[in-house]
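For what it's worth, our numbering labels the leading residue of the sequence shown as 58, then goes sequentially. Note that the Cβ used here is the ideal one computed from N, Cα and C, for glycine as well. Just so it is clear, the structure is predicted and the values come from calculations on it, not from any experiment.
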Amino acid sequence: AGIELLSEELGTEVADIQKVYLAGAFGTFMDPAPACRIGLLPPELEGRIEAVGNAAGSGAKYFVFFC
Numbered sequence: 058a059g060i061e062l063l064s065e066e067l068g069t070e071v072a073d074i075q076k077v078y079l080a081g082a083f084g085t086f087m088d089p090a091p092a093c094r095i096g097l098l099p100p101e102l103e104g105r106i107e108a109v110g111n112a113a114g115s116g117a118k119y120f121v122f123f124c
């Protein structure tokens, strides 16, 4: 629901999303295919989901570098 609401707010479609990065244990240990089948993630995104592990450190570095 969150992905769909954000897409609507941005005036785009879920199908237009090119890549979804899932961080932390949630993303690392979740299999995207079943998550799409049961509706946890929009089915249109299957095949475009990538686990990135613990992204907190990388995100903090990115924030400091670009701000």
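Rounded C-alpha distance that separates residue i from residue j
i: F83; j: A112; result: 12 Å
i: R94; j: A117; result: 33 Å
i: L63; j: E107; result: 19 Å
Residue i, DSSP secondary structure in three states
i: G96; result: coil
Residue from the options whose Cα sits closest to the Cα of residue i
i: V71; options: A90, E103, I95; result: E103
i: E101; options: F86, P91, V109; result: P91
i: I74; options: V109, E61, G110, S115; result: E61
i: L97; options: Y119, L79, V109, G68; result: L79
Complete runs of the alpha helix (DSSP H) confined to the region 67-116 [at least 4 residues]: 81-85, 89-94
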